[in-house]
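J.: One structure follows; several queries about it will come next.
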Amino acid sequence: EVQLVESGGGLVQPGGSLRLSCAASGFPFSNYGMNWVRQAPGKGPQWLSYISSGSSATHYADSVKGRFTISRDNARSALFLQMNSLRAEDTAVYYCARASPNGYDYWGQGTLVTVSS
Amino acid sequence: EIVMTQSPATLSVSPGERATLSCRASQSVGSNLAWYLQRPGQAPRLLIYGASTRATGIPARFSGSGSGTEFTLTISSLQSEDFAVYYCHQYNNWPLWTFGQGTKVEVK
Numbered sequence: 001e002v003q004l005v006e007s008g009g010g011l012v013q014p015g016g017s018l019r020l021s022c023a024a025s026g027f028p029f030s031n032y033g034m035n036w037v038r039q040a041p042g043k044g045p046q047w048l049s050y051i052s053s054g055s056s057a058t059h060y061a062d063s064v065k066g067r068f069t070i071s072r073d074n075a076r077s078a079l080f081l082q083m084n085s086l087r088a089e090d091t092a093v094y095y096c097a098r099a100s101p102n103g104y105d106y107w108g109q110g111t112l113v114t115v116s117s
Numbered sequence: 001e002i003v004m005t006q007s008p009a010t011l012s013v014s015p016g017e018r019a020t021l022s023c024r025a026s027q028s029v030g031s032n033l034a035w036y037l038q039r040p041g042q043a044p045r046l047l048i049y050g051a052s053t054r055a056t057g058i059p060a061r062f063s064g065s066g067s068g069t070e071f072t073l074t075i076s077s078l079q080s081e082d083f084a085v086y087y088c089h090q091y092n093n094w095p096l097w098t099f100g101q102g103t104k105v106e107v108k
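Chains as they are written, first to last, in the working numbering: chain A, 1 to 117; chain B, 1 to 108.
Quick look at the structure:
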């Protein structure tokens, strides 16, 4: 069974940093590109970042470019998102999601990030 | 960026009745369109991909249609577990895949 489990969310002040993790199991993690997607309260999901299976390619949404960094450790089947210079508008539930030729076929349960003073 | 627009924002339907949800793309996405269901406190779940193909384990009461810029999700006979929020999602413009703002299906 495919499982994606996020962790690392919490309350942080504006300008602060957080590092999210996603532990993957049940599939050959090193064969798949992975994504971070977030969902603000009452809004639709928003793609944030993608990393290729071997980490050779990364992409970011304009809203997080230069502030967030995606990485992965295939030996540990883990995905990460380093978030710096956090803003109030970054408040959301953050999901890791597996990319397939047909969209995001598996999602984690999400971790809540709240940016507030 | 391809903008996805869903209508209506809220759909009030009685259990057992049919529900029809619409999604429009700001430019053609071919058949690279998926639908997701999201229940409160849960992650989105893939229902339909390729505009009309049901994902693994999805009941036959869910069907999708359309291509290009106009898409429809139909739920033939609403069950209690179907009352949720539905999102359409285009995966034609990689990696900038985008979602609609959602349609909430509520009990009438």
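Don't be surprised by glycine CBs; every beta carbon is placed ideally from N, CA and C.
Please state whether the Cβ-Cβ distance between A:ARG19 and A:GLN82 is less than 8 Å.
T.: Closer than 8 Å, so yes.
J.: I believe A:GLY103 touches B:TYR49 by the beta-carbon criterion, under 8 Å. Please report the beta-carbon distance rounded to the nearest angstrom.
T.: Contact flag correct, Cβ pair sits at about 5 Å.
J.: Relative to the alpha-carbon of A:PRO28, which residue among A:ASP73, A:ASP62 and A:ALA61 has its alpha-carbon at the smallest distance?
T.: Closest by alpha carbon: A:ASP73.
J.: Rank A:ARG67, A:THR111, A:VAL5 and A:GLY33 by C-alpha distance to the C-alpha of A:ARG87 and give the top, closest one.
T.: Closest by alpha carbon: A:ARG67.
J.: How big is the Cα-Cα spacing for B:TRP35 and B:HIS89?
T.: The straight-line gap from Cα to Cα measures roughly 6 Å.
J.: Let me know the secondary structure DSSP gives B:SER76 once reduced to three states.
T.: In the structure shown, B:SER76 sits in coil (DSSP, three-state: anything other than H, G, I, E or B).
J.: So is B:LEU3 buried or exposed if we call it buried at 16+ other beta carbons inside 10 Å?
T.: According to the sequence displayed, residue 3 of chain B carries Val and not Leu. The residue in question, B:VAL3, is exposed, as its Cβ has fewer than 16 Cβ neighbours within 10 Å.
J.: One question on the structure: do B:LEU96 and B:GLU1 come within less than 8 Å of each other, judged by their Cβ atoms?
T.: Their beta carbons are under 8 Å apart, which means B:LEU96 touches B:GLU1 by this criterion.
J.: With 8 Å set as the bound, which would you pick, yes or no: does the beta-carbon of A:ASP73 sit closer than that to a beta-carbon of chain B?
T.: No, no contact with chain B.
J.: So, using beta-carbon positions, are A:GLU6 and A:THR114 closer together than 8 Å?
T.: It is not a contact, given that the beta carbons lie outside the stated cut-off.
J.: Comparing alpha-carbon positions, which option in B:GLU81, B:PHE71, B:GLY41 and B:LEU73 lies nearest A:VAL93?
T.: Out of B:GLU81, B:PHE71, B:GLY41 and B:LEU73, B:GLY41 has the C-alpha closest to the C-alpha of A:VAL93.
J.: With 7 Å as the C-beta to C-beta threshold (strictly closer), list the residues of the region 74 to 93 of chain B near chain D in chain order.
T.: Among the protein chains of the structure shown, namely A and B, there is no chain D.
J.: Report the neighbours of B:ALA51 on chain A: residues whose CB is nearer than 7 Å to its CB, in chain order.
T.: Here the premise fails: no neighbours, minimum Cβ distance about 10 Å.
J.: In whole angstroms, give me the CA-to-CA distance for B:LEU46 and B:TYR87.
T.: Looking at the two C-alpha atoms, the distance is approximately 10 Å.
J.: Give me, in chain order, the residues of the same chain whose beta-carbon lies closer than 7 Å to that of B:SER28; leave out the 5 immediate sequence neighbours on both sides.
T.: Answer for B:SER28: GLY68 and THR69, listed in chain order.
J.: Considering just the uninterrupted stretch of the beta strand (DSSP E) at B:TYR36, what are its terminal residues?
T.: Here the beta strand (DSSP E) through B:TYR36 covers 33 to 38.
J.: If the cut is a Cβ gap below 7 Å, which residues of chain A does B:ALA43 touch?
T.: In chain order: TYR95, TRP107, GLY108, GLN109 and GLY110.
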